[in-house]
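Structure (structure tokens):
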């Protein structure tokens, strides 16, 4: 597509409503032929007021494009794709819906359940309360994952606000996410579960420090060099205990004449060519005007100055000797 075609298309799509004529609706989903169409749709959704509070036209357009790759409707992409700690993810219900809408999902092999829901003395779920999720891909073996309250406590999750408020919901999402991602990685295309990512601490400016016997020999030498450079010896003192006097060069004598540098004579070939050029110029200047033009014409030169750049110096010399 040329620049003119892109400009005409941009102008045409800028008219309100005209971009919709090129959007194809197939299987209940809108398909955008170009990114420009998705951005126009994002502006439409943004102005409608149905999007999330922090959404922008740019973020909505990105969600629409990602939703098109995941084969989910616009409404599910706008409401179901969340950015947690800078990572796009899917809420648990949308993740399940995308997998269930896939042709390879075996609905008969899907099952979720929770065992040992009885609360403890404090009114909270007991450690042995466990959530299970089983999913099955057509033609494959079932995949089952589980997660318990004891697992949440070991991971340091159970005392967080979301786990205190919705313990069963958070407990159910963890095995569901693991099972769906293991069985339908091609459908989800690497997207994780938003409920799971909310439990992950964001790592900023992580620093790895090697200590003890694991410190490499190269790192030890580097530290030794840094330490040596950071210690500056006192003037007139060396690294040892005895005084060390560095030899100093005598100051230059202002009356002394600078040493003459020995010049390298030019090669004999260069000297011979220079002498030959001088000889040619002298012979050329002694010729009448009509003979000068004839001499240059016979050797293919337009000016006597061109002999510096030409290879026919010998030919011109012989020609001038015969005149």
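Residue numbers (the working numbering): 520 to 842. The beta-carbon is built from N, C-alpha and C at its ideal position, and this holds for glycine as well.
Straight-line gap, residue i to residue j (C-alpha atoms, nearest Å)
i, j, result
"residue 675", "residue 669", "10 Å"
"residue 721", "residue 681", "Because residue 721 sits at a pLDDT of 47, beneath the cut-off of 50, its placement in the model cannot be relied upon, and the point is left open."
"residue 640", "residue 646", "12 Å"
"residue 605", "residue 585", "15 Å"
"residue 638", "residue 686", "11 Å"
"residue 642", "residue 620", "38 Å"
"residue 549", "residue 714", "27 Å"
"residue 672", "residue 544", "47 Å"
"residue 659", "residue 560", "39 Å"
"residue 467", "residue 677", "Missing from the structure shown is residue 467; the chain here goes from 520 to 842 and no further."
"residue 807", "residue 794", "23 Å"
"residue 815", "residue 796", "14 Å"
"residue 801", "residue 813", "16 Å"
"residue 689", "residue 562", "34 Å"
"residue 701", "residue 565", "35 Å"
"residue 618", "residue 655", "11 Å"
"residue 732", "residue 683", "Since pLDDT at residue 732 reaches only 45, below the 50 mark, its modelled position is unreliable, and no value is offered."
Cβ pair residue i, residue j closer than 7 Å
i, j, result
"residue 570", "residue 603", "no"
"residue 609", "residue 703", "no"
"residue 484", "residue 664", "Residue coverage of the chain in this structure runs from 520 to 842, which leaves residue 484 outside it and unanswerable."
"residue 719", "residue 692", "no"
"residue 653", "residue 634", "no"
"residue 657", "residue 625", "yes"
"residue 589", "residue 557", "no"
Where residue i sits in the DSSP three-state scheme
i, result
"residue 616", "helix"
"residue 579", "helix"
"residue 626", "helix"
"residue 643", "coil"
"residue 557", "helix"
"residue 621", "coil"
"residue 715", "helix"
"residue 548", "strand"
"residue 721", "At residue 721, the pLDDT of 47 sits below 50, so the modelled position is not reliable and the matter cannot be decided from this model."
"residue 601", "strand"
"residue 666", "strand"
"residue 676", "coil"
"residue 632", "strand"
"residue 707", "helix"
"residue 650", "strand"
"residue 661", "coil"
"residue 699", "helix"
"residue 815", "helix"
"residue 589", "helix"
"residue 543", "strand"
"residue 609", "strand"
Closest Cα partner of residue i within the set the options
i, options, result
"residue 623", "717, 699, 715", "699"
"residue 651", "642, 629, 644", "629"
"residue 573", "594, 804, 601, 618", "601"
"residue 587", "689, 566, 554", "554"
"residue 591", "796, 708, 701", "708"
"residue 661", "568, 561, 627", "627"
"residue 694", "679, 801, 666", "666"
"residue 568", "552, 594, 551", "594"
"residue 607", "566, 679, 716", "716"
Three or more C-beta pairs below 8 Å linking the segment 613-625 and the segment 569-585: Contact fails: fewer than three Cβ-Cβ distances are below 8 Å.
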